[in-house]
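Enquirer:
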Amino acid sequence: MKYDIVKSNEQEAEANTWSKGDEIAHNRKRLIDDKHLNKLYCDIYEIPPGKANWPLHYHTCNEEVFYIIAGQGAVLTGSEVLQVKPGDVLRFPAGEKGVHQLKNTSDSETLKYLDFGTVNLPDVVFMPADNKIELFSGESGHDKMCSYKDL
377 MKYDIVKSNE QEAEANTWSK GDEIAHNRKR LIDDKHLNKL YCDIYEIPPG
427 KANWPLHYHT CNEEVFYIIA GQGAVLTGSE VLQVKPGDVL RFPAGEKGVH
477 QLKNTSDSET LKYLDFGTVN LPDVVFMPAD NKIELFSGES GHDKMCSYKD
527 L
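Written as structure tokens, this is what we have:
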């Protein structure tokens, strides 16, 4: 059931790999599976050395929180670069003020972090550096409905 208490274990979660070009790559483990998502999601990400998690982006309807578990990196925001290390917590509000991209700045160490946030649907995601928007909907909030390029 969607509203049941859920117990999961990182070691038992399935890993999914995603990449885009030479700059973006990650492994993601969904800790709360899609059938149990209600108001929050929870994922563990690992970013390989020298890569970023996603293109620079912000969500119009959802907030995200990152907890850095291991490694080092830098968060690119709209106006600054924040260096991150284990134990750091980052909150990204919905809207343009929450624009972000997390990069692994190490040459050899994986950057690992917990990513959790709200699941408000539909969610429009703006990627200003790519001049692109995406609309997400569906049960999990991660089902891409459409994508528009070259605004």
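For the sequence shown, the working numbering begins at 377 and goes up steadily by one. We put the CB at the ideal spot given by N, CA and C, even for glycine.
(1) In terms of residue numbering, what span does the beta strand (DSSP E) encompassing D499 cover?
(2) Excluding the 5 residues preceding and the 5 following E487 in the sequence, name in chain order all residues of the same chain whose CB lies nearer than 6 Å to its CB.
(3) Just verifying my parser: in three-state terms, what is the DSSP assignment at E456?
(4) Closer than 7 Å by C-beta to L407: which residues in its own chain qualify, once you throw out the five before and the five after it? Chain order, please.
(5) With DSSP as the reference, identify every bridge partner of T494, one or two as the case may be.
(6) Using DSSP with H/G/I as helix, E/B as strand and the rest coil, what is Q387?
(7) For I444 versus V460, is the C-beta distance shorter than 7 Å?
(8) For D499, which option in K508, P462, H435 has the closest C-alpha, if you only look at C-alpha atoms?
(9) Going by C-alpha to C-alpha distance, which of G471, Q477, P469, F468 sits closest to V451?
(10) In or out: L413 buried (at least 16 other Cβ within 10 Å) or exposed?
(11) Hey, how far is the Cα of A505 from the Cα of D491?
(12) Taking N438 as the reference, give the member of D398, V465, L416, H402 with the closest Cα.
(13) Give a yes or no on whether 7 Å exceeds the smallest Cβ distance from E439 to chain C.
(14) So what's G517 in DSSP terms, helix, strand or just coil?
(15) Buried or exposed for V535, please, with buried defined as at least 16 other CB atoms from any protein chain shown within 10 angstroms of its CB.
Expert: If we stick to the structure as given:
(1) 499-503
(2) It should be pointed out that residue 487 corresponds to Leu in this sequence rather than to Glu. Once the five neighbours on either side are set aside, the close Cβ partners of L487 are I423, G447, G449, N480.
(3) coil
(4) S384, E386, A389, C418, D419, I420
(5) L416
(6) helix
(7) yes
(8) H435
(9) Q477
(10) buried
(11) 22 Å
(12) L416
(13) No chain C is present in this structure, which holds just one protein chain.
(14) At G517, the pLDDT of 49 sits below 50, so the modelled position is not reliable and the matter cannot be decided from this model.
(15) The question about residue 535 has no answer, for the chain in this structure spans 377 to 527.
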